[in-house]
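One line per chain: the protein sequences are Z and F, in this order.
Using my numbering, you'd call the opening residue of the first sequence number 1 and step up by one each time.
Using my numbering, you'd call the opening residue of the second sequence number 1001 and step up by one each time.
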Amino acid sequence: MKAALTAGLAGLLFALGLGLGGMTDPAKVVGFLDVAGSWNPSLAFVMAGALGTYALLRRLILRRARPVLADRFPAPPRADVDGRLVAGSALFGIGWGLSGYCPGPALVSLPVGGTTVLLFVGAMLVGMGVFRGMSRQPG
Amino acid sequence: MNAVLLPLLGGVLIGLSAALLLLFNGRIAGISGITGGLLSAAPADLGWRASFLGGLAVGGVLLATFRPESLGPPVLTSVGATLIAGLLVGFGTQLGGGCTSGHGVCGLARGSKRSLVATLTFMATGAIAVFISRHVLGGVS
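Take a look at the structure:
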């Protein structure tokens, strides 16, 4: 129960950060990726703020033996670069550039964004489901 | 608030959110991983994921209420292009093991080479997609 509460709070904070930062405005995201046109660099500051804050706090948090409400911190994921990583990221980038939505901002916009966001999130979940169905990997 | 401070503040909130999730739940704030996990995770693992996504949705409603200009209109309007973009984002993030948050923030903060390669890749193909749709095709909607 407590874990659901802190996760919900984290989700709320994440959404407010995306919104204030400008990530939930697809035109701004496309402008950030439009390096050959009227490039709008403001979203680089969102990334810098998030990276700096998390990198610092993460080091402090990992001094603890375990998380407050869980048994252990996540094990470091795999380190190798493979074709799936590159191919998947490449496909994701194309969808991101076309729509201006990555998963977080699309989900934040879902309750208020109208038909287009609904279609986008529906297709995104289908895409996720197709991959999970193909690979049958847990988690 | 100008074009630097507000994005920076938004970023700090995202970083705080990711830190909160790590400190209390011992989880990584990768949105595509949290969402994709809903489709195949064990029942005991569903609660925090659904709760995080619920928090995102509540945040969306709050933004729409108090700062509606932050939720810009979609750039895509046609059903076909929207569906294709959504499928690419969904499938691609699962195949690549992360998105802007998981690789671009949490992975990079950890100094992960995988996340650096992923981030450079999706930024590059995103820029290429924008270049082709805007400057070659003259605007895809």
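The C-beta atom is built at its ideal place from N, Cα and C for all residues, glycine as well.
query = Thinking C-alpha only, which one of Z/Ala7, Z/Thr24, Z/Ala10, Z/Leu33 is nearest F/Ala1129?
reply = Z/Leu33
inquiry  = When you compare the CB positions of Z/Pro111 and F/Thr1093, do they come within less than 9 Å of one another, or not?
reply    = no
message = Let me check understanding here. Comparing Cα to Cα, which of F/Leu1006, F/Leu1008, F/Gly1026, F/Val1012 lies closest to Z/Asp71?
response = F/Gly1026
ask   = If Z/Gly19 and F/Gly1011 are in contact, beta carbons under 8 Å, what's the gap, nearest whole angstrom?
value = Contact flag wrong, Cβ pair sits at about 12 Å.
query = How would you call F/Leu1046, buried or exposed, if buried means at least 16 neighbouring beta carbons within 10 angstroms?
reply = exposed
key: Whole-number beta carbon distance between Z/Gly95 and F/Leu1088, since they are thought to touch under 8 Å   = 3 Å
query = Is any beta-carbon of chain Z found at less than 9 Å from that of F/Pro1073?
reply = yes
query = In chain order, what residues of the same chain lie with their CB nearer than 6 Å to the CB of Z/Leu107, ignoring the 5 residues before and after it?
reply = none
ask   = Are the region 1024-1043 of chain F and the region 1095-1114 of chain F touching, with three or more C-beta to C-beta distances below 8 Å?
value = yes
message = Looking at Z/Ser89: is its Cβ nearer than 9 Å to the Cβ of F/Thr1121?
response = yes
key: As assigned by DSSP and simplified to three states, the class of Z/Phe32   = helix
query = Of the choices Z/Val117, Z/Leu98, Z/Thr116, whose alpha-carbon is the least far from that of F/Gly1138?
reply = Z/Leu98
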